[in-house]
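To start, the structure itself, in structure tokens.
Number of protein chains: 4
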Amino acid sequence: MIKAGIVGATGYAGVELVRLLQSHPQVEIAGISSVSYEGKSISEVYPNLYEICDDTLESEDKLIDKCDVIFASLPHGLSEKLAKKCVAAGVKLIDLGADFRLDSEEEYQKWYKKSYEEKDLHEKSVYVIPELMRAQYKGQPIIGNPGCYPTSIALGLAPLMQSGVVKDEGIVIDSKSGVTGAGRGLADNTHYPNCNEAFSPYKIASHRHTPEIEQTLSKLAGKQIRVTFVPHLLPVNRGIISTIYASLTAEISAEELHALYDKFYAREKFVRVLPLGKVANLRDVKMSNYCDISVHADGHTGRAIIVAAIDNMVKGAAGQAIQNMNIMFGLKEDCGLDFVPPAF
Amino acid sequence: MIKAGIVGATGYAGVELVRLLQSHPQVEIAGISSVSYEGKSISEVYPNLYEICDDTLESEDKLIDKCDVIFASLPHGLSEKLAKKCVAAGVKLIDLGADFRLDSEEEYQKWYKKSYEEKDLHEKSVYVIPELMRAQYKGQPIIGNPGCYPTSIALGLAPLMQSGVVKDEGIVIDSKSGVTGAGRGLADNTHYPNCNEAFSPYKIASHRHTPEIEQTLSKLAGKQIRVTFVPHLLPVNRGIISTIYASLTAEISAEELHALYDKFYAREKFVRVLPLGKVANLRDVKMSNYCDISVHADGHTGRAIIVAAIDNMVKGAAGQAIQNMNIMFGLKEDCGLDFVPPAF
Amino acid sequence: MIKAGIVGATGYAGVELVRLLQSHPQVEIAGISSVSYEGKSISEVYPNLYEICDDTLESEDKLIDKCDVIFASLPHGLSEKLAKKCVAAGVKLIDLGADFRLDSEEEYQKWYKKSYEEKDLHEKSVYVIPELMRAQYKGQPIIGNPGCYPTSIALGLAPLMQSGVVKDEGIVIDSKSGVTGAGRGLADNTHYPNCNEAFSPYKIASHRHTPEIEQTLSKLAGKQIRVTFVPHLLPVNRGIISTIYASLTAEISAEELHALYDKFYAREKFVRVLPLGKVANLRDVKMSNYCDISVHADGHTGRAIIVAAIDNMVKGAAGQAIQNMNIMFGLKEDCGLDFVPPAF
Amino acid sequence: MIKAGIVGATGYAGVELVRLLQSHPQVEIAGISSVSYEGKSISEVYPNLYEICDDTLESEDKLIDKCDVIFASLPHGLSEKLAKKCVAAGVKLIDLGADFRLDSEEEYQKWYKKSYEEKDLHEKSVYVIPELMRAQYKGQPIIGNPGCYPTSIALGLAPLMQSGVVKDEGIVIDSKSGVTGAGRGLADNTHYPNCNEAFSPYKIASHRHTPEIEQTLSKLAGKQIRVTFVPHLLPVNRGIISTIYASLTAEISAEELHALYDKFYAREKFVRVLPLGKVANLRDVKMSNYCDISVHADGHTGRAIIVAAIDNMVKGAAGQAIQNMNIMFGLKEDCGLDFVPPAF
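Residue numbers (my numbering), protein chains in the order written: chain A, 2 to 345; chain B, 2 to 345; chain C, 2 to 345; chain D, 2 to 345.
The following block contains the structure:
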């Protein structure tokens, strides 16, 4: 059994990891940690876990001593120090934060107003969206786990980008995320009466996931890609829908687009390319590691329209992190991830 | 007092008219009609109206006999016959359906699979979004009241279109509507467990509001404009947010865009151009006749991003219809429409 | 015009007062106050009010100087000091907090862990649920405005209590309130992902509204009444439903119960006794000052079951406060309160 | 592997069975049936199942031929005929409908307006809430699976009833169910704009689950028990909270009540008696087979207050049916039922 530790276990991604790992046949949770709740049982903080996981929250140092792999879900800027300790101790790290996602330190500085403090660690880390980059994993001790929006967008656009039929700067991404995406911290915009029966974009063309999105799309396209990215806060608990608009360089029918996607993802269990005519809905991927993609054409204006849906807390965070752990430890990639999305 | 009748009073736009007209100081509801519930009291169908409006639903013919103006909220294809009777009887008509919105019969045929049966009536009707076209009203007996999505989009884009700084075919409109937009009829996609905690686009690049949107934008721009329009079903009761992306022909700062909008709508009570830095939210216009607009720039990709929010049932239907009635009868345009949106 | 001031204007009851008073024909808002936001415009805090009420938040002392009546919406324990200043300045006060609701200081101490500091003020104040106690208003300078739960419960039970057919201690009250009842302050239980798709009772048999409920019921019954009262947090923004169970001393049919209620409330505009067979729903009173009551009998166990629905922020707070102000100033009781509940 | 068939697979309980059985290690779904969708793939009806279960819906007769056990989720009155065929074929049946729940045909007739057509089948069936009645299962070919409300109520009240401290007719049950409880059929009250931001009781003191509730409570108490039972429709997808009020024959402290429950359920995995001071919330049992119970005392009126929370579709339907299947086939009772409720 792999001994796993979760640092930041009382954050939303952290507690989702605790939940999902309960049913992983090859993993045992060896320790959980939280700065704010150290010494308390996690089931006092999250009563859903009562009598299922009543483990006490410890310090992160204790976890390093007894784990084979650490999942870290921390605010940006805090993972490098933990990573250094993990690498020193020969413990693998899967970082769900932003610190190991960007290749370019310059971009990191621009968006996060902070420099890398341990530059060599970034040589030892790799960013992995399994369906697109699993071959990049070559034993690195650190995996930068993708952000939620970038996962839906990269999976949604990869076949188009790689086939080279999209105009540069012709991409508009209108994403909508459930409120868990904003995390556990109390804030005005997530106070129930403020976000129930409400809807609005936020961080318009200025969200920190933008460089991560452009990094992946540029690699896939083999040239610099710029996008307009606007996230919205959706009054549901879970899920992301990204509606993606791409101007095409040539006339391509919906059937051809669909065939392109079908082929691209033919062997991918967790990406479901929906039959032509169906539309992806976040309802149908909730609580699961699936990414549903539907493909549409607007012949009228020469655009492809791609709809990509994921559960932001599973495929967009904890589920994909486990998928990356499976890659790291040479397990079957879907091991422990066979969650069936409910109908309602 | 103006005697008003409501045909289709048990539809969602109809019952909203019943509600809003209760507090109009110059209007008395002289009759209400419904095919499905004829003979019943409207408060049996809508118990919110109990002891406030217990009027009996009659036939539409009875209404014509006793009204100065008829509001019709009918499925497309049914308004012409009613319009003919109204015009013959000297009764004015405000049609909330689709039959008097499009100038081009060809477009109507293309999208609604039906021809105009009373062509001359269309000479006597005019389509009016008051803030943009009130000067077009010259005593016509019929007003085609705008659709909900087109209202938010036309108001959101008018200053940009008129200033001529938008690239042709550079417009992407990603709209999200509350469930009342789908009307009162039972359907799978509006069954509570199917649309609660769910989110999805529908009628992608094929919604019937597209020609109405393009008609208005083309007139404003003085040339043929094509847009990509994708509506989404939002799990809230009321409200529309349209997030509008427009590629600019020149570099324009957010401040310049904002000044353009501020000036364009300086004298319009019902359009609130939010201060730069704020973002329109459907929460803040609910239950009111306001359209909130926020203006944003994505210098990175040369796009303006406009967010327009309305209550789909008020400014997007019944409220705007009353505003049009006020124009028709020479009243102050905001008469009876001073609804203050609630904070929650 | 009556000059009204609102102290605590950025709380939920306060901002609802700001909204409702916009359309009161006899009132002008002369000033608004807030400790936390002094010096800011209220529309910066509540953007729904932008361009409608952009008044600056002042200190409460400034308000006293220029108002005829102050509405105070403060945490318990803070109203006495304000009341003293108001009385000294000859300004009337309507207190939406808990400080002037209980006759018995002992009960106040028991539930609020605090004594009355200005005992004589309590001689000058009166607690008024208009439909039940308007005759108690005899020119007192202070009105204690009822709590939200107690309003629904007192109106729901008054005809039964007064007719004397209910067994002592035979009353169980299961109430459910929308989240605005918890106010504007951020808290774990009102963080969206914690209360969306969630439901739970709270403060079981220990809510501070209990003595207020028992005070009113006891007066109506003419003897000491004890109730079991359990509130629940309902995932909606607005509204309260109280489902009230009362063991009857004699066999009474549903028809007889209904006739009792119908007669009791025959002249009350804001209490709608629904036709037998209908069930009160908070949907149908939202945004209005109505209290809907439906009456049911469980012959099987000898209980009457009463369902009472109000909008917690209108009839349960700001609307009833205005109704009380109308009484205070000799206006028609429904003046400025003709809000029609929407169908959705 | 046990070969299971699901009759009524496109109803809500049916599709939940399809989902849950995907992860049962001892069961293979051998066939699914639906009258309305025969010949279609279930994933066309429920796209969440796409590429997970694309099985074709067949006739129920085909299922009997190839299954060891049939789960039936049918409207009342339709199960007897199926049961007869199953028994004849030596196939076991777990009936999620109402036809095999009541011992008394008289009660069945009274509430369902129908007689038993195959009286002898009722000798061969047994009603089982596993935690309370597993010993009643003695190899009968038919199990009547409990209703959702009765499950929460029986588990919530069992320790009290058995200890004999509750006054006869002193029980009031105020239950609230998510909208999936109303099933998949379209209806006015489950149309999204009618039940979102709405709340109301229904079938007040007249719900068909009443005789099932009283049957279980009476057996536990050893005497005839009558209850007042009022269900409410809650605007969430899943979950039931029953708030249960019981007048006590003696003074019992909260600590004593809690100890009673703790002991009663000490060995039951799926019943979690929460620590004293905590309150059961449907959020914490969603998507799981747990029943959370919190215990409270109202010394003021001599009542115990019990809060019981389940997921109506799991412990209240499909999950409990699988638990009963496990009993039927001698498997560990929790086999395939280790679903961890999510935090959000």
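Yeah, the Cβ is synthetic: ideal placement off N, Cα and C, and Gly gets one too.
In the three-state DSSP reduction, Gly98/C falls in the coil class, being neither helix nor strand. In this structure, DSSP gives Ala136/C a helical state, which the three-state scheme calls helix.
DSSP places Gly15/B in the uninterrupted alpha helix (DSSP H) bounded by 13-22.
In this structure, the beta-carbon distance from Ala318/D to Gly240/D does not fall below 9 Å. Judged by beta-carbon spacing, Asp121/C lies beyond the 9 Å limit of Thr244/D, meaning their Cβ atoms are not closer than that value. Chain D has a Cβ within less than 9 Å of the Cβ of Gln23/A.
If you ignore the 5 residues before and after Arg273/D, its C-beta comes within less than 6 Å of the C-beta of Tyr291, Asp293, all in its own chain and listed in chain order. Secondary structure of Cys196/A (DSSP, three-state): helix. In the DSSP secondary-structure assignment, Asp293/A is bridged to Arg273/A, Ala310/A. Judged by DSSP in its simplified three-state form, Thr191/D adopts helix. Of Ala260/C, Phe340/C, Ile214/C, the smallest CA-CA separation from Phe271/C is found for Phe340/C.
By the C-beta criterion, the stretch 89-97 of chain D is judged to be in contact with the stretch 56-75 of chain D, since at least 3 inter-stretch pairs fall below 8 Å. If one requires a minimum length of 4 residues, the alpha helix (DSSP H) runs lying completely within the stretch 46-77 of chain A are 61-67, in chain order. Taking CB atoms only, Pro236/D has a neighbour in chain B less than 9 Å away. Taken through DSSP and simplified to helix, strand or coil, Pro202/C comes out as strand. For Tyr128/C, the enclosing beta strand (DSSP E) has its first and last residue at 126-128.
Leaving aside the five residues that flank Thr211/B on each side, the residues in its chain whose CB is nearer than 8 Å to its CB run, in chain order, Trp112, Val228, Phe230. Taking the CA atoms as reference points, Val129/B sits about 41 Å from Ala322/C. Take Glu198/C, set aside five residues on each side of it, and the residues of its chain with a beta-carbon closer than 8 Å to its own are Pro236, in chain order. For Thr244/A, the closest Cβ of chain D is not nearer than 9 Å. Judged by pairs of C-beta atoms under 8 Å, the stretch 160-179 of chain B touches the stretch 203-223 of chain B, as three or more such pairs exist. Inclusion of Pro151/D and Thr250/D in the CB contact set at 9 Å is not warranted, their separation being larger than that value. Beta-bridge partners of Ile143/D (DSSP): Leu94/D, Ser126/D. In the displayed model, Phe340/D falls within coil according to three-state DSSP, outside both helix and strand. Annotation: Val167/A has no Cβ neighbours in chain B at a cutoff of 7 Å; minimum Cβ distance is about 13 Å. For the stretch 198-266 of chain B, the continuous alpha helix (DSSP H) assignments of 4+ residues that do not extend past its boundaries occur at 211-222, 255-265, in sequence order. For chain B, none of the residues of the stretch 30-43 of chain A brings a beta carbon within less than 7 Å of one of its beta carbons. Just measuring C-alpha positions, the residue of Val127/A, Ala136/A, Gly184/A sitting nearest Asn238/A is Gly184/A. At least 9 Å separates the CB of Ala222/D from every CB of chain C. For Lys125/C, the closest of Ala84/C, Pro76/C, Leu156/C by C-alpha to C-alpha distance is Ala84/C. Against chain A, the beta carbon of Lys177/B has neighbours under 7 Å at Phe200, listed in chain order. Identification of chain B residues near Gly240/A by a Cβ-Cβ cut-off of 9 Å yields Glu198, Ala199, Phe200, ordered along the chain.
Here Gln110/C is exposed. Its C-beta has fewer than 16 other C-beta atoms within 10 Å. In the pairwise beta carbon analysis, the stretch 156-164 of chain D is classified as not touching the stretch 156-170 of chain B: fewer than three pairs are separated by under 8 Å.
Ala344/B is not a Cβ neighbour of Val28/C, given a cutoff of 9 Å. Shown in chain order are the members of the stretch 40-64 of chain A whose Cβ falls below 7 Å from a Cβ of chain D: Tyr47, Pro48, Asn49, Tyr51, Glu52, Ile53.
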